[in-house]
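Notes follow once the structure below has been shown.
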Amino acid sequence: MTYDVAVRLVRTLLQRFFRRIEVSGLDHVPAEGGGLVVSWHPNGIIDPALILGQFPRQIVFGARHGLLKVPVFGQILRAIGTVPIYRAQDKGGGTDEERRARNRVSLDALATKIATGSFSALFPEGVSHDDSHLQELKVGAARLFYRAGQLGDENAIPPVIIPVGLHYDEKDVFHSNVLVSFHRPLELPPELALLPADAPDEEFRARCTALTEAIEGALIATCHPTEDWEQHHLMHRTRSLVRAERSLRAGQKPGAPDMLERTLGFERVWKGYYASRERAPEQTAALMERIAEYDADLVTLGLQDHQLDATPRKASPWWGLRLATQVVGLYVLLPPLLVVGLIVNGPPYFFLKWFAQRIAKKRKDLASIKFLSGLVVYPSVWLGVGALAWLGWINVSGSFPAAVAASPLAAAALTLLLAALGGVSALRYTEQTRSTLRAIRVRFTRARYRESIQRLRSERAALHDAIEAMAEGLELPGRVGADGRVEPGPEA
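Position one of the sequence shown corresponds to residue 23 (the numbering used here), numbered consecutively onward.
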């Protein structure tokens, strides 16, 4: 397996795992020279897989040496040139000094690749986690950066550090959305410049500590951490209500935001919140309490911000006919066509869900376990069904040779194809039926709670005005379009 084949394989698997993968900032990656790609680590093995699949140049990973022994996964790691890392804190394998020596050798191997023009991806937190904020950063990334500079040729292009934002809408949910955002390389001040090889150890350690603090600041600006997930949710609610009210006042219906717009909108709220909390803490806290109450009311009604503006249609024969046609198509005509996909893929789907929840120590491990286990379980099930079709066709053709013209190989291949494609079709069908049920429920909910909806419209408008007033004078990322969407652009 070559590097290109491994990357294509990972990219294909990720495209099946996620509904949509968005990428921004590819122009920030330099065409020449090497460096580090650094990111926070909220989603286990999915994080490095996304960076590997979307980074425009060849990238090298350092991984704990035991991971290279894992079947299939280890082969992929070796194919992309992963450097085995022997950590000094790992148990076994000789004395403390011997383990530290192996650690220095493995880090030098990775640093040499960077010095010769490659990129390496690191997660400075050192551990994947479920928190909405960064863990304490380790100095390993800084050590590697400076060591690469020491091992490089004096005429070589100095290495750079590129922060990456990984933004998931639902990180542990299959077929969710994700944004991979590459940011500008860090502009290091003179006091953080590369060190010569003969620099004293004390200076080297001090420089690594200072660079780690700079990397932490860059990652904070990249991933927009919050104190907890409740605050994170309320910031997204703020983003959503402001967008809905802007669009209403502009007389526009821009549709659902993509991940890039969601992230830009969240960043505007995030920056505005912390700036407002500094200059008006009591007023900011009171505003967040109002937003929390508004959010609770919306959740109770099962509505989203933009759904408050849709006027319930009057019951009419045409509307009833359209609804009846949609219901018959979704719930009567289509299900028989998806029986193969549901029967074959349903059991492994629920097994993987149960299996991941059973063995995952943390929420962040769910997606990784589903992803890695699915690489084995789904193809095994499809091949097994194909083999059963082969055997069944042989038995049927032996009993009724005149009625069976096709070959058992064709029967097995067709069954395997239907099993694989049927699973994807069944998943999309399930999403469509849920969407239809939600739309019906929302329609009747609006008709029943018209007064509550009108009250929430008024509260959303008041919250929008209060938020805009508090954000006055602040420099926020992106720009607001004529239809209310947040678009990439200069801060405004």
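Even for Gly, the Cβ is constructed at its ideal location relative to N, Cα and C.
These figures come from a predicted structure and were not determined experimentally.
Check your understanding: According to the neighbour-count rule (16 or more other Cβ atoms, all chains shown, within 10 Å of its Cβ), is Arg42 buried or exposed?
Key -> Under a 10 Å Cβ-count criterion, Arg42 is classified as exposed, with fewer than 16 other Cβ atoms of the shown protein chains found around its own Cβ.
Point to revise | Residue interval of the beta strand (DSSP E) (run including Asn125) | key: Note, Asn125: premise wrong, no beta strand (DSSP E); alpha helix (DSSP H) at 118 to 137.
**Study point:** Arg42, enclosing alpha helix (DSSP H) - first and last residue
**Key:** It is not in any alpha helix (DSSP H) - Arg42 instead sits in the beta strand (DSSP E) that spans 42 to 46.
Review point. Hey, how far is the Cα of Arg284 from the Cα of Thr260?
Key: In this model, Arg284 and Thr260 are separated by some 11 Å (Cα to Cα).
Point to revise | Same chain only: Cβ atoms within 6 Å of Pro78, ignoring 5 sequence neighbours per side | key: Same-chain partners within the cutoff: Leu48, Val51.
Review point. Going by Cα to Cα distance, which pick from Leu201, Leu436, Ala85, Gly88 is closest to Trp404?
Key: Looking at the Cα atoms, Leu436 is the closest of the given residues.
Check your understanding: Around the Cβ of Asp317, are there at least 16 other Cβ atoms within 10 angstroms (buried) or fewer (exposed)?
Key -> Answer is buried; the Cβ neighbour count reaches 16.
**Study point:** Closest by C-alpha distance to Arg479, when choosing among Gly277, Leu31, Phe196, Ile313
**Key:** For Arg479, the nearest C-alpha among the options comes from Ile313.
Check your understanding: Just the Cα atoms here: how many angstroms apart are Asp152 and Gly187?
Key -> If I take the Cα positions, the gap works out to 16 Å.
**Study point:** Cβ-based burial, Asp327 [other Cβ within 10 Å; buried from 16]
**Key:** Buried: at least 16 other Cβ atoms inside 10 Å.
Check your understanding: Just the Cα atoms here: how many angstroms apart are Thr244 and Glu235?
Key -> The alpha-carbon atoms of Thr244 and Glu235 are separated by roughly 14 Å.
**Study point:** Simplified DSSP state of Glu497, which is helix, strand or coil
**Key:** Residue state for Glu497 is assigned as coil, using DSSP reduced to three classes.
**Study point:** Rounded distance between the beta-carbons of Ser140 and Ile107, thought under 8 Å
**Key:** Ser140 and Ile107 do not touch by the CB rule: their CB atoms are close to 16 Å apart, not below 8 Å.
Check your understanding: For Ile73, which of helix, strand or coil comes out of DSSP?
Key -> Ile73: helix per DSSP, three-state reduction.
Check your understanding: Hey, Leu216 and Tyr168 are a contact pair by Cβ (cut 8 Å); roughly how many whole angstroms apart?
Key -> Right, their Cβ atoms sit about 6 Å apart.
Exercise for review: Would you tell me roughly how many angstroms separate the C-alpha atoms of Glu304 and Glu494, rounded to the nearest one?
Suggested key: If you take the alpha carbons of Glu304 and Glu494, they lie about 17 Å apart.
**Study point:** N-terminal and C-terminal residue of the alpha helix (DSSP H) that Val94 is part of
**Key:** Per DSSP, Val94 belongs to no alpha helix (DSSP H) and is neither H nor E.
Review point. Buried or exposed: where does Ala337 fall if 16 or more other Cβ atoms within 10 Å of its Cβ makes it buried?
Key: For Ala337, the pLDDT reaches just 46, beneath the cut-off of 50, and the residue's location in the model is therefore unreliable, although a value from the coordinates is still provided. Around the beta carbon of Ala337, fewer than 16 other beta carbons lie within 10 angstroms, which makes this residue exposed.
Point to revise | Cross-strand partners of Ser142 (DSSP beta bridge) | key: In the DSSP assignment, the residues bridged to Ser142 are Leu58, Val82.
Review point. Per DSSP, which one or two residues make a beta bridge with Asn199?
Key: In the DSSP assignment, the residues bridged to Asn199 are Arg42.
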